[in-house]
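Residue numbers for the sequence shown follow my numbering, beginning at 2 and rising by one.
We treat Cβ as the ideally placed atom computed from N, Cα and C, and that holds for glycine.
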Amino acid sequence: MDYITLGCLPDEVMIEILLRLSPECLMRFKAVSKSWYDLIEDPEFAVKHLMFSVQQQNLPNAPPTVLLKSLVSRDSETKQNILSFLTLSNNDVDDSGSTVDIDVPLFENSVAMDFKGHSHGIVCLSENRTEIFLCNPATREFYQLPPSIILLKERPLEPDGFDSSTNAVGFGYDSVSMDFKVVRVVDYWEGPFCYPSKAEVYSLSTGHWREVKSHQSVSVYWAPSFETFYEGIYYWWAEHSYRMENSEVIQTFDMSQEVFQLIPVPDTFRRFDDDYRSLGVWKGSIVILHYPVDGEEKMFDMWAMENNQKGEVSWSMLMRIGPISGVEIPLLFVHNCDELLMEAKDGRVVSYNMNTQHLKQLPIKGHPERFEATNFVKTLLSIKSGSKFDIQVASQTI
């Protein structure tokens, strides 16, 4: 990349310096000169910047960054979703961290925006299960995906009319085709009668949707902590109907092979019991947290997913976390440390250290049951249609 001249510094030295700057700084530096603009816009430089940032976040005691979505009241009548960067400390248990709110125009008039996956600094958001957006919070770039090719167009509601709705949305990176993808599953019904569902995949490299084969008789639970993306696969907590019987399962979608699969849950789980389940990633494993809905004090049972040489899935009980007072639901296992972010009963976010059992308040408050969080790395990657990136990093948890 022969872009930069600044005094007597070689290009390689200047590039190494720029790799250490934040995307926010680099976006401002595009105005310095045409050569700087071309460099910062170059996909090859964006990937190098991402890989350097991931390496830094994987260092011991590196302060982790979390992308947090909260719903706040602007006044007595107005509510608004807010995106924030939350930077945590790995050293001082009394340090509550720092937050920076992100000005993203996409959020100005929306209260129904949900995370539907994150990968390499790009986050997918869904509004009312219909409109889907990709967003780079670090560069403030966002892009609305084109209309679905399988979702029926909105029309006047008819009680017994043929209709459709989005059942599931997921987003992630396909390392084989070097492409970011969004998958959507759509259900169809007419009055009391249900019809086979359909699925479609959007590829950022092409800018188009195309239909793929879907699983039948699977209904995804819509809750922020019920889904996650890890190492090329998207996971949803779901219900499977088979021969007039319903059972809890985990539905997955492989971003490279573009196939759905069903994974059984631990045998001890009872369908429709009074407990919640949350999916997450902890120390390189997909885990389930199983915990009561109510109670001033809560215990969280952690189960880890294991695969044998035949590809068969089993679950093992790892540990019991708690009791913890005054918390509602877990939000996120923070990358590269032993902190578990949780939503408290008073609408605040707290961090629980699984080693010291220390609970600390974080500078975030919003409406209860409307928080979402994901591990995050700031990136320059563009979400323009037609983009393609050869990303080779050791972990896809951030």
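* Thinking just about the alpha-carbon of each residue, which of Leu341, Phe261, Val378 and Lys385 is nearest to the one in Ser206? -> One-based indexing of the sequence shown puts residue 206 at position 205. It is Lys385.
* **Whether Ala139 touches Glu232 by CB criterion (8 angstroms)** => Looking up residue 139 in the sequence shown gives position 138. Looking up residue 232 in the sequence shown gives position 231. Going by C-beta atoms, Ala139 is not nearer than 8 angstroms to Glu232.
* Cβ shell of Lys31 (< 8 angstroms), same chain only, five flanking positions each side left out -> To locate residue 31, count along the sequence shown from 1; it is residue 30. The answer, listed in chain order, is Trp37, Tyr38, Ile41 and Glu42.
* Asked: So what's Lys284 in DSSP terms, helix, strand or just coil?
  -> Residue mapping note: residue 284 aligns to position 283 of the sequence shown, counting from 1. In this structure, Lys284 counts as coil in the three-state DSSP scheme.
* To do: Could you check which residue in Gly348, Asn62 and Lys361 has the C-alpha nearest to that of Leu341?
  => What you label residue 341 is simply residue 340 of the sequence shown in a count that begins at 1. Nearest C-alpha to Leu341: Lys361.
* Asked: What residue does the alpha helix (DSSP H) around Glu78 start on, and which one ends it?
  -> As a first step, residue 78 must be located in the sequence shown, where it is residue number 77. Element bounds for Glu78: n/a, residue is neither H nor E.
* To which residues does DSSP link Val219 through a beta bridge? -> Here residue 219 is taken as the residue at index 218 of the sequence shown, counted from 1. In DSSP, Val219 forms a bridge with His241.
* **Distance between Ile289 and Met320 (C-alpha atoms, nearest Å)** => Position 319 of the sequence shown, counted from the first residue, corresponds to residue 320. Position 288 of the sequence shown, counted from the first residue, corresponds to residue 289. Roughly 11 angstroms between the two C-alpha positions.
* With a cut-off of 8 angstroms, does the C-beta of Leu341 fall near any C-beta of chain D? -> Going by chain labels, chain D is absent from the structure shown, which holds only one protein chain.
* Asked: So which of Val282, Ile322, Val202 and Met318 has the shortest CA-CA distance to Met300?
  -> One-based indexing of the sequence shown puts residue 300 at position 299. Nearest C-alpha to Met300: Ile322.
* **Helix, strand or coil at Val14 [DSSP, three-state]** => Within the sequence shown, numbered from 1, the residue matching residue 14 stands at position 13. Looking at Val14 - three-state DSSP - the assignment turns out to be helix.
* Simplified DSSP state of Cys125, which is helix, strand or coil -> Residue numbering aside, residue 125 sits at position 124 when the sequence shown is read from its first letter. Note: Cys125 maps to strand in three-state DSSP.
* Starting from Ser166, trace the beta strand (DSSP E) both ways and give me its first and last residue. => As a first step, residue 166 is located in the sequence shown; it is residue number 165 there, counting from the start. Start and end: Phe163 to Asp175.
* To do: Return the CA-CA distance between Lys182 and Val170, expressed in angstroms with no decimal places.
  => Locating residue 182 in the sequence shown gives position 181, where the first residue counts as 1. Locating residue 170 in the sequence shown gives position 169, where the first residue counts as 1. Cα-Cα distance, rounded: 11 angstroms.
* To do: Return the Cβ separation of Thr100 and Pro364 in integer angstroms, given the expectation that the two are a contact with Cβ distance under 8 angstroms.
  => Working through the sequence shown from its first residue, we reach residue 100 at position 99. Working through the sequence shown from its first residue, we reach residue 364 at position 363. About 5 angstroms separates the two Cβ atoms, so the contact holds.
* Whose C-beta lies closer than 7 angstroms to the C-beta of Val351 among residues of the same chain, with five residues either side of it excluded? -> Position 350 of the sequence shown, counted from the first residue, corresponds to residue 351. Cβ neighbours of Val351 beyond the five flanking positions: Val328, Met343, Ala345, Leu360, Lys361, Gln362 and Leu363.
* Which of helix, strand or coil does DSSP assign to Ser383? -> Position 382 of the sequence shown holds residue 383. Correct three-state label for Ser383: coil.
* By how many angstroms is the C-alpha of Leu60 removed from the C-alpha of Phe390? -> Mapped onto the sequence shown, residue 390 falls at position 389. Mapped onto the sequence shown, residue 60 falls at position 59. Approximately 24 angstroms, taken between the alpha carbons.
* Helix, strand or coil for His119, going by three-state DSSP, please let me know. => To locate residue 119, count along the sequence shown from 1; it is residue 118. Reduced to three states, the DSSP call for His119 is strand.
* To do: Give the straight-line distance between the Cα atoms of Asp347 and Leu152, rounded to the nearest whole angstrom.
  => Your numbering for residue 347 matches position 346 in the sequence shown. Your numbering for residue 152 matches position 151 in the sequence shown. Answer to the nearest angstrom: the Cα atoms are 38 angstroms apart.
* To do: Check whether the stretch 373 to 385 touches the stretch 47 to 55, taking contact to mean three or more Cβ pairs, one atom from each stretch, closer than 8 angstroms.
  => yes
* In whole angstroms, what is the alpha-carbon distance linking Trp304 and Phe270? -> Position 303 of the sequence shown holds residue 304. Position 269 of the sequence shown holds residue 270. Roughly 11 angstroms separates the two Cα atoms.
* Asked: When DSSP labels each residue in this structure, what does Val55 get in the three-state scheme?
  -> Here residue 55 corresponds to residue number 54 of the sequence shown, with the count starting at 1. The DSSP-derived three-state label of Val55 is helix.
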